[in-house]
Each structure stands twice: as C-alpha cells, then as structure tokens.
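Heads up, the thing below is written out as structure tokens.
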Ligand SMILES: Cc1ncc(COP(=O)(O)O)c(C=O)c1O
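Numbering (our numbering), first residue to last: 430 to 879.
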C-alpha cells in the first residue's frame, strides 16, 4: 500500500479565505498569521454527528470507562484537603519536579534515559507542538510531515506560517527513501528545513507504525541534513502486542524533541503532556511556555502525579490496551465483512485509528453529509493533508464507541459507499475533486477531530 501525498506541497495563507464571506469588521487588523487559522468546514457536521443516533467513527476521544472514578474522586478530595495551599497556587513554568521525575520513569518503558531537568510539562502535547513551532519556525520555513499527518499539528504549523512538505508513508510508516528525496530536492532549491514532525507509533490518522529497522535510517538521514526530529508519541504505550517500540529519542538524545501525553493513557481532560528536549532547547521551551501560560496548572499535574504514585498505572494502561484491541478487532472484522470491493484499509497494531481508501471516483468529503444522514460519521482524508489531497481517504476511529456500535457504524458506512458506487456506475465518474482549491489546506482541530 502506498499512502498518497509524497509530493512537496504548499500551505495556503493570507487572502485565501473563500471570497464573499469576509464580513468580519476586524479583518484588516489581523496579523498575517491569523489568516492561516481557520475552522474546519466539517465542524458543523460534527455537531450533528454527536447526536446519539449517529455512530461517530470520527472522534479521537479516549474511552475513559475503564478509569476507577470513585477512587480518583477520593484521591482528588484528599489532595485538595492536604495540599490545597500548594496545588491551587501558581507553580513552576517547567512543571512539578515530582511529576517530571515520574515522566522519566514512564518514558523508560520506551528505552529513554532522561533527566527530569530536560522535561517541560505542558498543557497537553498540543501545547508542546505550539511551543516547538514557535521556537523554531519563522514564516515560510519548511516543516516535513508524514502524508497524511495529525490535523492538530498541521493547524499549528499553519498558524506559524510554516510551509508543510509531506513525506510518503507505506504500511511500515515513513519511507526513508522518500525522506531522502524530499530533503535532496529542498536542499537543491536552497530551502532550509527546520524539523521533521513524525508520529512513529500507531499513527494518527494512518494507523501504521514505523518499522524498527527504519528508525536508525530516518535518524541518520535527518542528522546528515541537519534537520531536527520532533517525535510525537501519544499512543506509544497503547500497542496491542506485548512489545513497546523503542522511541527515536532513545538512540538520539541530541537531535530529537520528544512529545508525550497523559491524554490517551490516563485522562485527556486533565490536559497534561510534556516535551523532552536537548538541554539547550529545553531552556527556550520553558521561556515559550512561560509567555503562553506562566506555568502549567499545578492542580492537574498533582492529580496525575498522585495517580502515578498511588495507582497501578501500568495495569491501567493494560486495561486500555485490551479495550482498544477489542474495538480494533470489531472494526477490522466489520470492514472485512461489509465494505465493497476496491476499498483498502490499514490494520493498526495499537492506537485509535484505521485509514481507509475508497474506490476511485468517490470523494469522502462530498460523501460526508450523506453518511451523517445515514447516521454514521468519519473524518474526510483531506483534513490530514496540508494541500487538500486525501479525497479518496477517510479516518475511522474505534476508540470511543462500543464494539457493537462500531459494527453498526461500519455497516451503515458500507451502505452509503454502495450507494455512491451505484451512482457512479449509473452516471459515470463525476470527476474526483482531488484538488478542490476552496477546500484545500489544514483545518483547526476540534475535540472531535483531534
Ligand atoms: C498525534 C497526536 N499528537 C498530539 C495530540 C494532542 O494530544 P494532547 O491531548 O496531549 O494535547 C493528539 C491528540 O489526538 C494526537 O493524536
């Protein structure tokens, strides 16, 4: 399988808002970078998709049903009673020292040996992405990202007016040869690449994992081209096999900024993530964090820290893995059973997502309203490209609905697809708008699409 979109692409910036829609009286006042900040056109549909009768295979919301809520409630009450004076106060810009030590213990599961001094706690790893981009990117700088890539990262790069150049993936993740070619082409043009943004494990949205034998090669190519690696790894501990993949950071501490999160392994609503950076970079990240939030919330950090200290968090992660594996199985078997010929999909070994390619002629963005009418929702593939590619793809997530709902959702999706294919067979191709100029570009993440 080849995931499409290996070509260099340019993001859209100022002045590309749909014409005739600029009624905002403040329009002339905005900084240029604000032009890159746009809400997803599919957001409105997601409001409908969150109705109970719709099976949403769109959201990336973790399934929190396995959390011991009563025990956590008692713990939080004790925390406020015993340590309220500190945990309800401002804290350090870098994050609670005790939590930073625990984060090092969590990362050791992926072979990382780190010092708590090099960890910066953030408001989710999304904030870490923002800080890294702010620290490294000037407008027009190039950032490499897999094709497809996480919509929230594309949105951040766009907000800082960085230009995203996609690098192709296959079933084994980022293709080293594609990386070599893209870097060679950019260097021939005299373009400076600031970093490679990569999600090596259980990719969002592609569902694939970077083969271990490719990891050293990717690091070596980046080092040779003097390109920093930003390793975004919120799903690394959520593999369905017994093995945890070694982080890129574990072998290359000086050229990798690693981003981690408790959103998928504990609770996304607490908004606790982190960056582990080479020492010099760490200082810049702390300054960037300070100017954004003064300090991350001491309270939610203390809740996470207490959870790690007093609960069997490794057992909790195991429970999450079992729950997501069951859901993955439900989705994959439903896809095999119901989808029409000509569809292809990835089979994730962990994480939350399946990446589905539909037969030629079907446009997943155009099809979404019909799918929602038939009470099933997904995220169209174009949201995950900086240039509107992905019209034949969609992301399906299995993290939140029950296995029964997943099967029902896939059955409905299959019926919608059959309907589309019937129309195509009857009336011929309507021309697949792979590059629809008005719809191109990244989209702001919403809680439903992140
Ligand atoms: C690849 C990736 N990076 C970052 C994030 C943001 O996570 P957080 O909740 O830690 O901000 C997400 C959330 O879905 C994600 O999938």
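For every residue, glycine included, the Cβ atom is placed at its ideal position computed from N, Cα and C.
Any non-hydrogen atom of ligand 1 within 7 Å of residue i CB
| i | result |
| --- | --- |
| residue 531 | no |
| residue 730 | no |
| residue 633 | yes |
| residue 835 | no |
| residue 702 | yes |
| residue 628 | yes |
| residue 553 | yes |
| residue 497 | no |
| residue 579 | yes |
| residue 690 | yes |
| residue 661 | yes |
| residue 697 | yes |
Distance between residue j and residue i (C-alpha atoms, nearest Å)
| i | j | result |
| --- | --- | --- |
| residue 718 | residue 546 | 15 Å |
| residue 813 | residue 823 | 9 Å |
| residue 670 | residue 454 | 54 Å |
| residue 527 | residue 792 | 50 Å |
| residue 628 | residue 582 | 11 Å |
| residue 571 | residue 798 | 34 Å |
| residue 510 | residue 840 | 50 Å |
| residue 489 | residue 772 | 22 Å |
| residue 494 | residue 696 | 11 Å |
| residue 514 | residue 701 | 20 Å |
| residue 411 | residue 756 | Summary: the structure shown does not reach residue 411, with the chain confined to residues 430 through 879, and so no result is reported for it. |
| residue 602 | residue 803 | 33 Å |
| residue 844 | residue 761 | 16 Å |
| residue 704 | residue 550 | 7 Å |
| residue 730 | residue 496 | 17 Å |
| residue 709 | residue 592 | 25 Å |
| residue 613 | residue 659 | 20 Å |
| residue 610 | residue 673 | 30 Å |
| residue 536 | residue 542 | 8 Å |
| residue 435 | residue 578 | Residue placement at residue 435 cannot be trusted, given a pLDDT of 39 that sits under 50; what the coordinates show is reported in the next sentence. Cα-Cα distance, rounded: 12 Å. |
| residue 626 | residue 851 | 40 Å |
| residue 734 | residue 521 | 15 Å |
| residue 775 | residue 588 | 30 Å |
| residue 666 | residue 821 | 30 Å |
First and last residue of the uninterrupted alpha helix (DSSP H) at residue i
| i | result |
| --- | --- |
| residue 534 | 526–537 |
| residue 635 | Element bounds for residue 635: n/a, residue is neither H nor E. |
| residue 646 | 641–653 |
| residue 775 | Taken as a continuous stretch (DSSP letters only), residue 775 belongs to no alpha helix (DSSP H), as it is neither H nor E. |
| residue 800 | 793–802 |
Extent of the continuous beta strand (DSSP E) to which residue i belongs
| i | result |
| --- | --- |
| residue 600 | From DSSP, residue 600 is part of no beta strand (DSSP E); its letter is neither H nor E. |
| residue 658 | 657–661 |
| residue 565 | Run containing residue 565: none in the beta strand (DSSP E); it sits in the alpha helix (DSSP H), 553–565. |
| residue 627 | 622–627 |
| residue 606 | Note, residue 606: premise wrong, no beta strand (DSSP E); alpha helix (DSSP H) at 605–617. |
heavy atom of ligand 3 below 7 Å from residue i C-beta
| i | result |
| --- | --- |
| residue 489 | Absence of ligand 3 is noted for the structure shown, with ligand 1 being the only ligands found. |
Review point. Hey, which unbroken runs of the beta strand (DSSP E) at 3 residues or more fall wholly within the stretch 814–846?
Key: Counting only runs of at least 3 residues, the stretch 814–846 fully encloses the following beta strand (DSSP E) elements, listed from N- to C-terminal order: 822–826.
Point to revise | Three-pair Cβ contact test at 8 Å for the stretch 458–468 versus the stretch 685–696 | key: Counting C-beta pairs closer than 8 Å gives fewer than three between the stretch 458–468 and the stretch 685–696, which falls short of the contact rule.
Check your understanding: Could you give the uninterrupted runs of the beta strand (DSSP E) lying entirely in the stretch 674–708, keeping only those of 3 residues or more?
Key -> Entirely contained in the stretch 674–708, the beta strand (DSSP E) runs reaching 3 residues are, in chain order, 685–690 and 702–705.
Check your understanding: Going along the chain, which unbroken runs of the alpha helix (DSSP H) with 4 or more residues stay wholly within the stretch 455–534?
Key -> 472–478 and 498–516, all fully within the stretch 455–534.
**Study point:** Complete runs of the alpha helix (DSSP H) confined to the stretch 709–753 [at least 4 residues]
**Key:** Here the runs fully enclosed are 727–739.
Practice item. Evaluate the contact criterion for the stretch 649–658 versus the stretch 613–629: three or more CB pairs, one atom per stretch, below 8 Å. Key: With the cut-off at 8 Å, the stretch 649–658 and the stretch 613–629 touch.
**Study point:** Given 8 Å, three or more beta-carbon pairs between the stretch 777–789 and the stretch 636–652
**Key:** Yes, they touch.
Review point. Looking at C-beta atoms only, is the number of pairs between the stretch 498–508 and the stretch 640–650 that lie closer than 8 Å three or more?
Key: Output reads no: the stretch 640–650 does not touch the stretch 498–508.
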